[in-house]
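What follows is a short report on a single structure.
Take a look at the structure:
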């Protein structure tokens, strides 16, 4: 662990510039999902309990350097106060006199929220001058936004170079979970990777086959691998132009001693809609006028057996068209099985990226996974073996 945590910092009386991710979904000015705000509560409370003054820095949307009322963080103040149980002082800018007035005006038990960092074009350019102006508002820098750690921005990378820096509680939990999953995992390690396209997960698959013992490939990606083996997949979603790449990944896996599991049977239908007529066939027997929409029961059993032998599980993406029944069956069954083993303390399970959280929530399995990452791109880049600028800057 090459980064410091809040435990390593003296916070008493210090202004703590805390980069958070509160880029929450909204509808008509109302927050529709406060999960990201809930997840920063531990960091904010810890700073307050130790005599520090939390000063929140965050982005919201993509204003591209322009001030926009619909992307102002001011609209989040009521939800922050409600969820965190604290009084929030809002600063109309993240630098300059407006920021200074908000920070200087903090009373006991209050926190400051400074305006959207992306209202400044220099934020996404990692402008050194902007980072320096932000640094004037703090004594300590705490990054609690793992989800933005794959971007080298002024508030994620530049700022960390200018002040004593550490990871917040959410960042700490995320990094620890990922280290346990890929850095120094309990073996055997199983990865479940699903989703529509191989082309979007080339780096991920290439990195995983060298680090895990078993790799389950599901969703539309599995169709591409089946087709690469000369199997007719009918009208299924399939990247036929990625056949050579799929064969290269399979060869790399064989050389690394990683077993790839593709579905031996599949659920097919002639139309993609809820409750469509469907049938289960062998993976090599997809009718020419049908499309593969889910893994079959034999394939689910093979995945469950793999989960039974694994000590560590990394999950990214669904096994089928999980959005509609009955093509959510394989994803739901495998997820619930992983959740049961995790709850029993028999499996360390880490999941995240893309549709993964939605799929596991739909399966009612998410609560029992060891760790669910909501970080999206940063989670995937970590799994791809890439260095994340926002994490590296804390070292």
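Numbering (the numbering used here), first residue to last: 1 to 395.
Even for Gly, the Cβ is constructed at its ideal location relative to N, Cα and C.
In this text the structure is predicted, and so the values were computed from the model without any measurement.
- Comparing C-alpha distances from residue 56 to each of 92, 270, 68 shows the shortest one belongs to 92.
- It is roughly 20 angstroms from the alpha-carbon of residue 112 to the alpha-carbon of residue 146.
- Note that the C-beta distance between residue 313 and residue 335 is not below 8 angstroms.
- Assignment of beta-bridge partners to residue 57 by DSSP yields 19.
- Between residue 104 and residue 18, the alpha-carbon positions lie close to 16 angstroms from each other.
- DSSP, read as helix, strand or coil, puts residue 220 in helix.
- Every beta strand (DSSP E) stretch that sits fully inside the region 291-322 and reaches 3 residues is listed by chain position as 291-295, 312-316.
- Burial check for residue 67: the Cβ neighbour count within 10 Å stays below 16, so the residue is exposed.
- In the DSSP assignment, residue 236 is bridged to no other residue.
- It is roughly 7 angstroms from the alpha-carbon of residue 151 to the alpha-carbon of residue 390.
- When the beta-carbon positions are compared, residue 269 and residue 276 come within less than 8 angstroms of each other.
- By the neighbour-count criterion, in which 16 or more other beta carbons inside 10 Å mark a residue as buried, residue 107 falls on the exposed side.
- Contact between residue 169 and residue 6 is confirmed by a C-beta separation of about 7 angstroms, below the 8 angstroms threshold.
- At a cut-off of 3 residues, the continuous stretches assigned as beta strand (DSSP E) that sit fully inside the region 83-129 are 87-91, 110-114.
- At a Cβ-Cβ threshold of 8 angstroms, residue 163 and residue 122 do not count as neighbours.
- By alpha-carbon distance to residue 213, the top candidate from 258, 232, 186 is 258.
- Counting of Cβ neighbours within 10 angstroms places residue 53 among the buried residues, the total reaching 16 or more.
- In the assembly as shown, residue 263 is a buried residue. Its beta-carbon has 16 or more other beta-carbons within 10 Å.
- Nearest to residue 223 by C-alpha distance, out of 199, 208, 207, 206, is 199.
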